[in-house]
Amino acid sequence: MTIDKKLNGTSLVIALEGRLDTMTSPQLEEELKTSLEGITDLTFDFEKLEYISSAGLRVLLYAQKVMNKQGSMKVIHASEPVLDVFDVTGFVDILTIE
Amino acid sequence: MTIDKKLNGTSLVIALEGRLDTMTSPQLEEELKTSLEGITDLTFDFEKLEYISSAGLRVLLYAQKVMNKQGSMKVIHASEPVLDVFDVTGFVDILTIE
Amino acid sequence: MTSLTVKAHISNLSMVQAALEEWLDTIGCPMKISLQLQMAVEELFVNVASYAYGEGEGDLTLTFDYEEELSLVRISFRDQGMPFNPAECLEKEEESTRLQVEDRGVGGLGILMVYKTADQVHYSYQDGWNILTLEKKL
Amino acid sequence: MTSLTVKAHISNLSMVQAALEEWLDTIGCPMKISLQLQMAVEELFVNVASYAYGEGEGDLTLTFDYEEELSLVRISFRDQGMPFNPAECLEKEEESTRLQVEDRGVGGLGILMVYKTADQVHYSYQDGWNILTLEKKL
Ligand SMILES: Nc1ncnc2c1ncn2[C@@H]1O[C@H](COP(=O)(O)OP(=O)(O)O)[C@@H](O)[C@H]1O
Ligand SMILES: Nc1ncnc2c1ncn2[C@@H]1O[C@H](COP(=O)(O)OP(=O)(O)O)[C@@H](O)[C@H]1O
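Chains as they are written, first to last, in the working numbering: chain A, 32 to 129; chain B, 32 to 129; chain C, 64 to 201; chain D, 64 to 201.
Next up, the structure:
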């Protein structure tokens, strides 16, 4: 997985490419732990994300909890396999998906 | 494996990327069967060739036999693993390696 | 039928996934279903690696099977860890999907994802072996 | 130790290679040695798939093993095909490396490449099984 960050003031766009799974989620978690300070507007661009497993959901849940306290978060361009996972796990009701 | 061809008059340069192995050699063989007509000068560029197995050697031997009749053939930029294979199989004495 | 036996350790996940992905390619499985099955296998693999043998070590055997006449993929997991029927977690995980974000804990979704992805999940415990089988039509 | 059992059919080569490549990555095998081992495994796999069971079908079991203290990789092949000791082909293949281009036939180099690549090759026939083991120090 590659993580691409674009910071614009207090807005951060994180684009992921590849798989957000057991092996790669710790990488994203580390990244978020240092990158979310002061951010009011977080966007995950999942256009190039192939699939997400429960380990990835865990990190998204963490991000959502942080952003609920300091701003807002949304997910854009999620592909069908990723949307299916959000659907069956009830993440459709937790996340803002565009 | 990807096969990249550059034709210049009766000179042909074939650059291979990936692996010339059991699965991919038939592809190269097909390509050669239609591409060598009228060629007097054949160059294999192996800069991006990761490895070669005996199935690949077989196709190179075929190409060398054809080119012995109608011109010349050489191999350039072969990497160490590929050179090792040429070495142990005596292909160093058959091929022109630069 | 193809089978793969590895130490049930997370370091072997990449190998299992690589083998599964190639195998699914070989039988002509469409990308979308391939990704779904890789996800399901990841969840179950990680569970066996994390819980089945407690602090101890043990093996996991995966088998991949394709019934061409039915276009049916069958993937099974065999381990000799503690008896564990994932169906027993299902209801709780279904409930957790209705929780608000602040009430959600970490984890507890993998098994649900597996059941929702596969067409059939079958579990049995025989002679000290957990045997879990997923089926999915291509 | 990891083991992989497949039908000895050429269509399974990609899966075997993918699993081997990931496994070698996992144990920290350097790229150059990884490519050498993949080449050796390809040669032997193709031989078993092509010759071991004649016109019939049968399985091939590969095991991957890493002895960390010795930095030693051990890969073994087991099949129930016709007894075949590759060492018996070695001399002929050595000779063929000295032939001129026009005298060379197709094939007959794979086993030589395997012996030149591995540090050790060991063959035995036991209870109907061909057992061939390669060793290579990282
Ligand atoms: N193979 C297993 N052996 C024993 N317990 C298991 C096994 N797989 C899962 N469990 C139990 O079921 C729970 C739910 O698993 P899962 O849905 O994958 O979520 P998570 O692993 O994230 O908690 C685990 O927390 C664990 O307690
Ligand atoms: N597993 C096997 N069982 C029976 N015969 C084999 C086996 N492997 C190799 N052989 C024989 O040994 C010969 C040399 O094999 P090899 O060096 O791989 O070259 P090639 O397969 O290209 O002929 C083969 O042609 C075949 O006759």
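Using N, Cα and C, we set each Cβ at its ideal position, and we do this for glycine too.
Contact set between residue i and chain B, taken where Cβ atoms lie within less than 7 Å
i	result
Lys95 of chain D	Glu111 and Pro112
Arg201 of chain D	Sequence check: residue 201 of chain D is Leu here, not Arg. By Cβ distance, chain B contributes nothing, its closest Cβ being about 15 Å from Leu201 of chain D, past 7 Å.
Contact set between residue i and chain C, taken where Cβ atoms lie within less than 8 Å
i	result
Glu48 of chain A	None at all; the shortest Cβ gap to chain C is about 14 Å.
Val106 of chain A	In chain order: nothing, as chain C lies at least about 14 Å away.
Val116 of chain A	Met102 and Met176
Between the CA atoms of residue j and residue i - distance to the nearest angstrom
i	j	result
Glu118 of chain D	Gln183 of chain D	31 Å
Ser110 of chain A	Glu78 of chain A	6 Å
Ile73 of chain D	Glu120 of chain D	12 Å
Ala39 of chain D	Leu43 of chain B	Nothing about residue 39 of chain D can be reported from this structure: the residues present for chain D run from 64 to 201 only.
Ile83 of chain A	Leu91 of chain A	10 Å
Glu68 of chain A	Val109 of chain C	31 Å
Phe140 of chain C	Arg161 of chain D	51 Å
Glu198 of chain C	Ile125 of chain A	30 Å
Glu61 of chain B	Tyr93 of chain B	11 Å
Leu67 of chain C	Thr74 of chain B	42 Å
Tyr129 of chain C	Lys200 of chain C	10 Å
Ile70 of chain A	Leu153 of chain C	37 Å
Phe127 of chain C	Val116 of chain B	35 Å
Lys64 of chain B	Met78 of chain D	29 Å
Met102 of chain C	Leu47 of chain B	34 Å
Pro112 of chain B	Gln99 of chain D	7 Å
Lys100 of chain A	Asp35 of chain B	54 Å
Leu59 of chain A	Leu80 of chain A	13 Å
Phe122 of chain A	Leu172 of chain C	11 Å
Glu131 of chain D	Ile96 of chain D	16 Å
Thr55 of chain A	Leu135 of chain D	29 Å
Lys70 of chain D	Tyr116 of chain D	11 Å
Under 7 Å from the C-beta of residue i: neighbouring residues of chain C
i	result
Ile125 of chain A	Val164
Asp52 of chain A	Glu105
Within chain A, partners of residue i - CB distance below 7 Å
i	result
Val169 of chain C	Arg89
Residue i (DSSP reduced to helix, strand or coil)
i	result
Val106 of chain B	strand
Gln11 of chain D	Look at the range of chain D in this structure, 64 to 201, and you will see that residue 11 of chain D is not part of it.
Arg161 of chain C	coil
Glu85 of chain C	helix
Val44 of chain B	strand
Gln143 of chain D	coil
Glu120 of chain C	coil
Arg167 of chain D	coil
Glu174 of chain C	Checking the displayed sequence, the identity of residue 174 of chain C turns out to be Ile instead of Glu. DSSP places Ile174 of chain C in helix when its eight states are reduced to three.
Gly49 of chain A	strand
Asp190 of chain C	coil
Leu126 of chain B	coil
Leu132 of chain A	The structure shown does not extend to residue 132 of chain A, since chain A is modelled only from 32 to 129, so the question has no answer here.
Asn148 of chain D	coil
Leu201 of chain D	coil
Ile34 of chain B	strand
Ile83 of chain B	strand
Ser66 of chain D	strand
Ile90 of chain D	coil
Beta-carbon separation (whole angstroms), residue i vs residue j, contact threshold 8 Å
i	j	result
Asp142 of chain D	Val111 of chain D	5 Å
Lys96 of chain A	Glu129 of chain A	The pair is not a contact, with the Cβ atoms about 20 Å apart (cut-off 8 Å).
Val104 of chain C	Ile138 of chain C	6 Å
Tyr186 of chain D	Asn148 of chain D	5 Å
Thr65 of chain D	Asn75 of chain C	7 Å
Leu175 of chain C	Glu151 of chain C	Contact doesn't hold; Cβ gap of about 12 Å is too wide.
Beta-carbon neighbours of residue i, restricted to chain D and to distances below 9 Å
i	result
Lys96 of chain B	Val164, Glu165 and Arg167
Asn39 of chain B	Under the 9 Å cutoff, chain D gives no residues; its nearest Cβ is about 26 Å from Asn39 of chain B.
Under 8 Å by beta carbon: chain A residues contacting residue i
i	result
Ile138 of chain C	Per Cβ cutoff of 8 Å: no residues; Ile138 of chain C is ~16 Å from chain A at best.
Leu76 of chain C	Thr53 and Met54
Leu98 of chain C	Glu81, Tyr82 and Pro112
Interface partners of residue i on chain B, CB under 9 Å
i	result
Thr160 of chain D	Val119, Thr120, Gly121, Phe122 and Asp124
Cross-chain neighbours of residue i in chain D, by beta carbon under 7 Å
i	result
Ser66 of chain C	Thr68
Cutoff 8 Å: residue i Cβ touching any chain G Cβ
i	result
Met145 of chain D	Looking at the structure shown, chain G is missing, and the protein chains on hand are A, B, C and D.
Chain C contact residues for residue i, given Cβ-Cβ distances below 9 Å
i	result
Ser103 of chain A	Simply none; closest approach about 13 Å.
8 Å Cβ cut-off: residues of chain D touching residue i
i	result
Leu92 of chain B	Val164, Arg167 and Val169
| said: Under 9 Å, CB to CB, which of the residues in the region 78-89 of chain D have a partner in chain C? | reply: The residues in question are Met78, Val79, Gln80, Ala81, Ala82, Leu83, Glu84, Glu85, Trp86, Asp88 and Thr89.
| said: Which residues of the region 106-124 of chain C have a Cβ closer than 8 Å to any Cβ of chain A? Give them in chain order. | reply: So the close ones are Glu106 and Val109.
| message | Using a Cβ-Cβ cutoff of 7 Å, what residues of the region 173-198 of chain D are near chain B? List them in chain order. | response | So the list reads Gly173, Leu175, Met176 and Lys179, given in the order they occur along the chain.
| the region 56-77 of chain B: positions lying closer than 8 Å to chain D by Cβ | Identification of residues in the region 56-77 of chain B having a C-beta nearer than 8 Å to some C-beta of chain D yields an empty set.
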